[in-house]
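Position in the sequence shown (first residue = 1) + 387 = this note's numbering. Think of the CB as a built atom: it goes at the ideal place given N, C-alpha and C, for glycine as much as any other residue. What follows is a single structure, written as structure tokens, with notes after it.
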Amino acid sequence: MLLECIKAVDRDVRQGQETVRRARWLWEYINAAPPQLREIPFDVIRGLRFVPRHTERHPSDSDFDVYTRDLPDIVSLDEVCAPNREAVAWIPRARFAASPTAHLTAVYPSIGEPSPADVVRHLVLLVHHVAPKHRQSSILLSNIRSVYEWMENNRHSVKALLKPFAKVPVWLNIVSDMDDWAWRAADELVFDLTFDVGGRFVAQKFLLPYKLLLVDAGAHEFIVASPPPPQTLETKTPHPVVIHSGWNELRKSGQLLDICFKVEGQEIPAHRGMLAAVVPHFKAAFTGSFRESIISTDDAELPVYRLPEDEAASAFAVHSVVDYVYTGDFIRPKFSNIDEATAALNDLLDLMDLSNVWDLPELSNQAVNAIFELRLIRFDNCDDVLARAQACQMKVLIDVCRKTKDQNQWSNVVSIPGMPFMPF
């Protein structure tokens, strides 16, 4: 008998008859969850119109009602939202005039739960019909966040529905709520990218909680292949020892000597630089008030070592080599934007090249490690870095570039935004 009453109201609604009073009485009865309701499967009645809807559609601001789908005063359960779901589907669905009771929800747990298709449709309409006229609206921002959260929690259900919208800008790519709104398509967004480049954009902080959802929807992850762990060589000589032994070999072989002590008829040659670096007395003697004690003095300019063409390098590279000779390390370049990052990468590649020419394998490795640790390899420069690595046979960098290209095949496809057909 109850099912027949529901069907009768539905029939009269669809025929345009006045049913509001009967529907209110019927819904009040059903909302009390009478025992006979348990005999009626939810799927049997979900599409029948017998539920009075709220006259206002948006849960908090009736000004948004103009964007909603037209619905009659009496709707079906497939056309209404539970109170805790109103924010994610208020455009395609109505609100209950009287919310379902706990007893009714116990009988029909899914009552008022929007379908994945409704939520996806709601998102697209929010972005393309509502947002352009309500920029920076805190209410709309809250609704958008609610939609993203619902889809993240139901991402397996919405994955196939979002795929056709991979090139549609429906994702709010901002760092904070105060930023100007920037809409991006999933296919344009890349997680773990350092800078916007080549028509791809860094997925910003607002979208980070929805990473899995966005990847399902067509976003990308930039994955730089990991270099092999550094090998610890037990026979590696510490840099200070290299410096001292190198100076001593030059002394023994009589090379680059520039000072001599004459004592008791003996000549004891040495290098002023080494003496001054180790003995404070000689530092003062060679640089300060005792310079007159040096027999041979020459205030001429320092001789210039002119780099041959095959040793051409940037000032950064040469300066870094000199730093390395004295300290065993070099100062890494700093950057704050993509242009500076590109310059930093070129400097480090120049250093790698020069270290290779001058037979400084440890410094070459330091330059390559800096490229890795500063995350300077991008999908748009990977080919160029690979070519430079191949030119000086830097195997570890060659392997990382090749693997990075293999792991980011998406970067070879140009992203062209577009909107698929979407019925209401």
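**Message:** Is it the case that the segment 460–476 contacts the segment 513–520, given that we only count it when at least three CB pairs across the two stretches are under 8 Å?
**Reply:** no
**Prompt:** Around the Cβ of Ile-758, are there at least 16 other Cβ atoms within 10 angstroms (buried) or fewer (exposed)?
**Reply:** For Ile-758, the number of other beta carbons within 10 angstroms of its own is at least 16, and it is reported as buried.
**Message:** Can you list, in chain order, the residues of its chain with a C-beta nearer than 7 Å to that of Asn-795? Leave out the 5 residues immediately preceding and following it.
**Reply:** Exclusion of the five residues before and after Asn-795 leaves Phe-609, Ile-610, Phe-766 as the residues of its chain whose Cβ lies within less than 7 Å of its Cβ.
**Request:** Measure the Cβ-Cβ separation of Gly-499 and Ser-798 and say whether it is below 9 Å.
**Result:** no
**Message:** For Leu-491 and Asn-418, I'd like the C-alpha separation in whole angstroms.
**Reply:** Roughly 6 Å between the two C-alpha positions.
**Asked** Can Gly-605 and Ala-569 be called in contact, C-beta distance under 9 Å?
**Response** No, they are not a contact pair.
**Message:** Here's the rule I'm using: 16 or more other beta-carbon atoms within 10 Å means buried, otherwise exposed. How should Trp-412 be labelled?
**Reply:** exposed
**Asked** Taking all protein chains shown into account, do 16 or more other C-beta atoms lie within 10 angstroms of the C-beta of Arg-762, making it buried, or fewer, making it exposed?
**Response** It counts as exposed.
**Request:** Could you have a look at Arg-522 and say whether DSSP puts it in helix, strand or coil?
**Result:** coil
**Message:** Measuring alpha carbon to alpha carbon, tell me which residue in Val-438, Val-783, His-521 is nearest Val-453.
**Reply:** His-521
**Request:** Check each candidate in Val-712, Pro-625, Leu-738 and name the one with the smallest Cα separation from Arg-719.
**Result:** Leu-738
**Message:** On the CB-based measure, 16 or more other CB atoms within 10 Å of its CB, does Phe-429 come out buried or exposed?
**Reply:** exposed
**Ile-655, DSSP secondary structure in three states** = strand
**Asked** When we look at the beta-carbon of Ala-671 and count the other beta-carbons within 10 Å, is it buried (16 or more) or exposed?
**Response** exposed
**Message:** If the criterion is Cβ atoms closer than 9 Å, does the pair Asp-645 and Gly-660 meet it?
**Reply:** yes
**Asked** Would you call Asn-733 buried or exposed, if buried means 16 or more other Cβ atoms sit within 10 Å of its Cβ?
**Response** Buried, since its Cβ has 16 or more Cβ neighbours within 10 Å.
**Message:** If you follow the beta strand (DSSP E) that Ser-463 is in, where does it begin and where does it stop?
**Reply:** 461–463
**Request:** Using the DSSP secondary-structure output, state which residues sit across from Ile-646 in a beta bridge.
**Result:** Ala-657
**Message:** For Pro-596, list the residues DSSP reports as bridge partners.
**Reply:** Partner(s): none; Pro-596 has no beta bridge.
**Prompt:** In chain order, what residues of the same chain have a beta carbon less than 8 Å from the beta carbon of Asn-530, not counting five sequence neighbours either side?
**Reply:** Ala-474, Val-475, Trp-477, Leu-513
**Message:** As an exercise, report each continuous beta strand (DSSP E) stretch of at least 3 residues that is fully enclosed by the segment 398–462, in chain order.
**Reply:** 436–439
**Request:** Specify the secondary structure class of Leu-576 as computed by DSSP and reduced to three states.
**Result:** strand
**Asked** Distance, Cα to Cα, Arg-436 vs Asp-457?
**Response** Using only the alpha carbons, I get a separation of about 14 Å.
**Prompt:** Does DSSP put Ala-612 in a helix, in a strand, or in coil?
**Reply:** Looking at Ala-612 - three-state DSSP - the assignment turns out to be coil, as it is neither helix nor strand.
**Prompt:** DSSP beta-bridge partners for Arg-571?
**Reply:** Trp-558
**Asked** Which residues in the same chain have their Cβ closer than 7 Å to the Cβ of Val-755, if we skip the five residues on either side of it in sequence?
**Response** Closer than 7 Å at Cβ, skipping near neighbours: Met-739, Met-781, Val-783, Leu-784.
**Request:** Decide if Met-538 is buried, meaning its Cβ has at least 16 other Cβ atoms within 10 Å, or exposed.
**Result:** buried
**Message:** I'd like to know whether the C-beta atoms of Asp-567 and Ile-725 end up nearer to each other than 9 Å.
**Reply:** In this structure, Ile-725 does not lie closer than 9 Å to Asp-567 by Cβ.
**Request:** Please report the residue range of the alpha helix (DSSP H) in which Lys-782 lies.
**Result:** 782–794
**Prompt:** Are the beta-carbon atoms of Arg-398 and Arg-440 separated by less than 9 Å?
**Reply:** no
**Request:** Identify whether Trp-797 lies in helix, strand or coil by the three-state DSSP scheme.
**Result:** The answer is helix: DSSP assigns Trp-797 an H, G or I state.
**Beta-carbon separation (whole angstroms), Asn-560 vs Leu-510, contact threshold 8 Å** = Contact doesn't hold; Cβ gap of about 14 Å is too wide.
**Message:** Using 9 Å as the threshold, is the C-beta distance between Cys-779 and Asn-743 below it?
**Reply:** Going by C-beta atoms, Cys-779 is nearer than 9 Å to Asn-743.
**Message:** What residue range does the alpha helix (DSSP H) around Arg-542 cover?
**Reply:** 542–549
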